[in-house]
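Take the sequence shown: its position 22, counting from 1, is numbered 56 in my numbering, and each next residue is one higher.
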Amino acid sequence: MSSITNSTVVPGCQFASDNTSGACPEALAALIEANAGSQASYGNDRYTSVVADRLRELFAADCEVFFVFNGTAANSLAISTCCQPYHSVICADVAHLETDECGGPEFFSGGAKLLLANSLHGKIDVESVEELVTRRTDIHYPKPHVLSITQSTEMGTVYSLAELAQLGATAKRLGLRVHMDGARFANAVASLDVSPGEIVRAAHVDVLCFGGAKMGLPVGEAVLFFDRRLAADFAYRCKQAGQLASKMRFLTAPWLGLLAEGAWLRHARQSNAMAAKLAAGFNETTGVELLHPIDANAVFAVLPEKVHQYLAKRGWRYYTFIGQGSARFMCSWTTTAAEVDALLGDVRTALNAG
Ligand SMILES: Cc1ncc(COP(=O)(O)O)c(C=O)c1O
Numbered sequence: 035m036s037s038i039t040n041s042t043v044v045p046g047c048q049f050a051s052d053n054t055s056g057a058c059p060e061a062l063a064a065l066i067e068a069n070a071g072s073q074a075s076y077g078n079d080r081y082t083s084v085v086a087d088r089l090r091e092l093f094a095a096d097c098e099v100f101f102v103f104n105g106t107a108a109n110s111l112a113i114s115t116c117c118q119p120y121h122s123v124i125c126a127d128v129a130h131l132e133t134d135e136c137g138g139p140e141f142f143s144g145g146a147k148l149l150l151a152n153s154l155h156g157k158i159d160v161e162s163v164e165e166l167v168t169r170r171t172d173i174h175y176p177k178p179h180v181l182s183i184t185q186s187t188e189m190g191t192v193y194s195l196a197e198l199a200q201l202g203a204t205a206k207r208l209g210l211r212v213h214m215d216g217a218r219f220a221n222a223v224a225s226l227d228v229s230p231g232e233i234v235r236a237a238h239v240d241v242l243c244f245g246g247a248k249m250g251l252p253v254g255e256a257v258l259f260f261d262r263r264l265a266a267d268f269a270y271r272c273k274q275a276g277q278l279a280s281k282m283r284f285l286t287a288p289w290l291g292l293l294a295e296g297a298w299l300r301h302a303r304q305s306n307a308m309a310a311k312l313a314a315g316f317n318e319t320t321g322v323e324l325l326h327p328i329d330a331n332a333v334f335a336v337l338p339e340k341v342h343q344y345l346a347k348r349g350w351r352y353y354t355f356i357g358q359g360s361a362r363f364m365c366s367w368t369t370t371a372a373e374v375d376a377l378l379g380d381v382r383t384a385l386n387a388g
C-alpha cells in the first residue's frame, strides 16, 4: 500500500476557495462577546465606531469607513460613488469586477461601462490604461473616470509598491479616480511586508474594498474612503442596495478580534506560506507547470487530465475554470502543511500511474 493511500485527505472544499474555510477563532470570540445584551441597531452600537477607528489607525489615515456583506456589493457600491452613468471604469480583463459580479458595478452606477485593460499574470498593463483613456475624446465614448486595481490580483500575484506607484501616478495624470479591490488585501500586505497605508498611498487609492471574509471573518467587507468627499451619500447607497445590516454589531465586532494582536496578518501569512509550499512542491514535480508567479495565496497550475481525474476521485476540490487543463489551488488561513503534502502526494501518485 502506498503512503499516499494511507494519507489523510480531509473531505470538503480544501483548495477551492479561501471562502470555503470557517471563521477564525479570534473573530468568533469577538462575535460571541458582542452577542451579550441589547445594542443599538444599524451601526449605532458600541462596536462599529471602534472598529472604524481601529481601521483608521491601521491605515494611518482619516478615512471614512463602512461595512457591507460581501465583496460584490463593496466593489459595486464603491464604483457607483465614483461614477456618473456616462463614465467608464478601467480594470484588468481578468478583474472580478468584469468576470464575477454579474454586472453589479454597471447596475449600481446606473450604466457606467467597464473598459478592459490588457493584463499579464493578473496585473494591469499601464500602457493599456493610457491607450484606453486617450483612444477617444469624443462624446460617443464613455468618459474614462476610474481605474480599478485588484491587490492581490485574481491570478495570485501582488503588485509591488513601484508598480502601484506607476499605476497610481498614471491614473492621477489622466484624471482618474482609483478604486482598489482588496478582497485579498491582507495577503498583499503579508507578501510585501509593508504597512497597509503604504499600499494605498503608493497607488493613490481613493476607495478601498478591504476583504474580511477571506481573511477569516464569518462575513463582511469594509469600504474605506481615503477621499472622504466620495463617501458623502454612501450610507444611502448601502441602505438602498440592502447592504445596511440592522444588527450591524455582528458584521463589525468580529473585525475587533481579527485586528487585535495582528491575527489578520498572521492568518494571511499562513495562507501565503501554504501557497508557497504547494508551489515549491509542484516545481519539483515533473509534469506540473505553474502558470503565474506565486506572490500570495493562490497557485495556478497545468496538470494532465489523468491527475484531475484521480484528484477528483480522492475528494480534492479546486477550480478548473481557467483555461484547458489548468487549475487554481487557493490556500486559506486554515490550510495546513499536512493538507499540502497530501495533495502533492496524490498528484505524484497520479503522474506515476501507468
Ligand atoms: C478579487 C475578488 N474581488 C471580490 C470578491 C468578492 O466577491 P463576493 O461578492 O463573492 O464576496 C472576490 C471573491 O472571490 C474576489 O476574488
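Backbone N, C-alpha and C define an ideal beta-carbon position, used for all residues, glycine too.
query: Entirely within the stretch 154–185 and at least 4 residues each: give me those alpha helix (DSSP H) ranges in chain order.; result: 160–168
query: By Cβ distance below 6 Å, which residues in the same chain neighbour Arg283 in space, the five residues on each side in sequence not counted?; result: Ala68, Gln73, Asp79, Tyr81
query: How many whole angstroms separate the CB atoms of Lys157 and Tyr120, which I take to be in contact at a CB cut-off of 8 Å?; result: The Cβ separation is near 28 Å, so there is no contact.
query: Could you spell out the range, first to last residue, of the alpha helix (DSSP H) harbouring Phe142?; result: 138–142
query: With DSSP collapsed to three states, give me the class of His213.; result: strand
query: Could you tell me whether any non-hydrogen atom of ligand 1 is closer than 7 Å to the CB of Gly250?; result: no
query: Suppose you measure from the CA of Ala372 to the CA of Arg348; what does that come to, to the nearest Å?; result: 15 Å
query: Quick one: what does DSSP say His121 is sitting in, helix, strand or coil?; result: strand
query: Would the stretch 165–172 and the stretch 126–144 be scored as touching if the rule is three or more Cβ pairs under 8 Å?; result: no
query: Buried or exposed for Asn386, going by 16 or more other Cβ atoms inside 10 Å?; result: exposed
query: Output yes or no for whether 8 Å exceeds the beta carbon distance between Val429 and Leu208.; result: It is not possible to answer for residue 429, since the shown part of the chain is limited to 35 through 388.
query: Is the beta carbon of Ile113 closer than 8 Å to that of Ala146?; result: yes
query: Counting C-beta neighbours from all protein chains within 10 Å, is the total for Gly71 16 or more, i.e. buried, or is it exposed?; result: exposed
query: Which residue spans inside the stretch 262–307 form an unbroken beta strand (DSSP E) run of at least 3?; result: none
query: How far does the beta strand (DSSP E) with Val99 in it extend, from its first residue to its last?; result: 98–102
query: If contact is defined by three or more beta carbon pairs under 8 Å, each pair taking one atom from either stretch, is the stretch 123–137 in contact with the stretch 272–280?; result: no
query: Cα-Cα, which of Trp350, Thr106, Leu89, Ala151 is closest to Ile124?; result: Ala151
query: Compute the Euclidean distance between the alpha carbons of Leu89 and Leu201, then round it to the nearest angstrom.; result: 24 Å
query: Provide the residue(s) that pair with Leu345 in DSSP beta bridges, ordered along the chain.; result: DSSP, once it has assigned bridges, lists no residue as partnering Leu345.
query: Between the alpha carbons of Leu111 and Pro230, how many angstroms are there, rounded?; result: 22 Å
query: Hey, could you find the ends of the beta strand (DSSP E) Gly408 is sitting in?; result: Because the chain is modelled from 35 through 388, residue 408 falls outside the range shown and cannot be assessed.
query: DSSP on Val257, reduced to helix/strand/coil?; result: strand
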